[in-house]
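Working notes, structure below.
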Amino acid sequence: MTAVSPIPVSIEFFPPKTPEGVDKLRAVRQQLYALQPEFCSVTFGAGGSTQEGTFNTVRDILAEGVPAASHLSCIGATREGVRGQLATLKAMGVQRLVALRGDLPSGYGAGGEFQYASDLVAFIRAETGDDFHIEVAAYPEIHPQAKSPESDLKAFAAKVRAGANSAITQYFYNSDAYFRFVEDCDALGVQIPVVPGIMPITSSTQLMRFSDACGAELPRWIRLRLQGFGDDTASIKAFGLDVVTDLCEQLRAGGAPSLHFYTMNQSAAVLEICDRLGL
Ligand code: FAD
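When we follow UniProt numbering, the leftmost residue of the sequence shown carries the number 1, and every step to the right adds one.
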């Protein structure tokens, strides 16, 4: 039997919109805590739309004795507003942030006092020193609005220079893109841990819609196989578990520092993948 090398995991949730969602997420968290996550993070709607739900969920996780990270996005935000958010998070006992630019829904003017996530990271450092561990986003398959792969890498390096401690990637299904990104960072002297973001495959239409919107490539062979399954959700899930477990194996074998799971507030797929990984 081959020895299983342990790899830490972290998990991500979005803030529920209804009381039923809050209860359901509480139960999902209890199941996922079996994985002993390094931290759980909670997304933050661009423009502050989910601030209350995000902070409440973060508060709940901390009360359950688990380290929690709040995402914070800066598009459309003012310095004064972010200053207030940082004070609230600090008072809550939060020690880790995921600092993002965010995307405003179409129809919103940009406005705001921050242009890029690097501006937010610099502001957090200037305001709060080393109070927070700052995570930033990374894009092994290139951010959809980047002028070029080189400019995107420079934008990533700028976030690190501004004070980011580590990064979580957009999800991907091609491990070569991740390893190449890490190598490119090394070559630039950018050496923070870059944690792969893992999106379990549980539904085909939702994943295709998501991937088109965020610039994550769904490889042709995966897309065609998913299309071929039609409404056969059992086959989609079985295929998804094989593909994503295999991806995680490749990442672990290649030296990824940990795995960050996008749970979509569901536990089954993440638990099954981690079980297959021996975690
Ligand atoms: P940035 O790093 O600012 O980059 C945005 C674009 O600007 C890129 O194309 C980059 O190349 C370019 N750029 C940056 N700096 C410069 C510069 N100086 N000159 C020229 N171009 C530049 N969204 C949410 O709304 N809420 C969330 O909670 C959330 N969580 C996320 C978590 C993770 C791990 C990831 C990967 C993404 C998350 N997102 C979230 C999505 C994210 O907000 C979007 O991908 C957004 O479009 C970019 O955010 P960013 O922080 O990467 O931006």
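Beta carbons: idealized from backbone N, C-alpha and C, even for Gly.
### Query
the ligand FAD heavy atoms versus the CB of HIS133: any closer than 6 Å?
no
### Cα-Cα separation, GLY230 to PRO200
18 Å
### Task
Please classify THR78: is it buried, with 16 or more other beta-carbons within 10 angstroms of its beta-carbon, or exposed?
exposed
### Message
As a quick exercise: from LEU207, GLY93, LEU277 and ALA268, pick the residue whose alpha carbon is nearest that of ALA27.
### Response
The shortest Cα separation from ALA27 among LEU207, GLY93, LEU277 and ALA268 belongs to ALA268.
### Message
Helix, strand or coil, according to DSSP, for GLY197 in the structure here?
### Response
Strand.
#### Entry: beta strand (DSSP E) runs wholly inside the stretch 97 to 154, at least 3 long, in chain order
133 to 138
### Query
Where do the N-terminal and C-terminal ends of the alpha helix (DSSP H) with VAL9 fall, by residue?
Premise fails: VAL9 lies in the beta strand (DSSP E), 9 to 13, not in any alpha helix (DSSP H).
### Message
If contacts are defined as beta-carbon pairs under 8 Å, then SER5 and ALA46 qualify, I think. What distance do you get, rounded to the angstrom?
### Response
The Cβ separation is near 37 Å, so there is no contact.
### Message
Does the contact criterion of 3 or more C-beta pairs under 8 Å hold for the stretch 187 to 195 versus the stretch 225 to 242?
### Response
Touching, no.
#### Entry: Cβ separation of ALA63 and CYS40, assumed to be a contact under 8 Å, to the nearest whole Å
Not confirmed; about 12 Å, so no contact.
### Task
With DSSP collapsed to three states, give me the class of ILE236.
helix
#### Entry: Enclosing alpha helix (DSSP H) for CYS274 [first to last residue]
268 to 276
### Span separating the alpha-carbon of VAL182 from that of GLN31
Their Cα atoms are separated by approximately 32 Å.
### Task
Provide the residue(s) that pair with CYS40 in DSSP beta bridges, ordered along the chain.
ILE11 and ALA68, per the DSSP bridge assignment.
### Contact belief for GLU217 with LEU241 at Cβ below 8 Å, rounded distance in angstroms
No, GLU217 and LEU241 are not in contact; Cβ-Cβ is about 20 Å, not under 8 Å.
### For PHE132, the nearest candidate out of ARG96, TRP221, LEU279 and GLY111 (CA to CA)
ARG96
### Query
Measuring CB to CB, does TYR178 end up less than 7 Å from PRO196?
yes
### Task
State the Cα-Cα distance for the pair LEU104 and THR43, rounded to the nearest angstrom.
14 Å
### Where ILE192 sits in the DSSP three-state scheme
coil
### Query
Is any heavy atom of the ligand FAD found at a distance shorter than 6 Å from the C-beta of THR57?
no
### Query
Using CA coordinates, which residue listed in TYR171, CYS214 and ALA158 is at the minimum distance from LEU188?
ALA158
### Query
Considering only residues of the same chain and omitting the five flanking positions on each side of VAL94, which have a CB-CB separation below 8 Å?
VAL58, LEU62, ALA68, ALA69, SER70 and PHE132.
### Task
Check whether the Cβ atoms of GLY163 and ARG125 lie closer than 7 Å to each other.
yes
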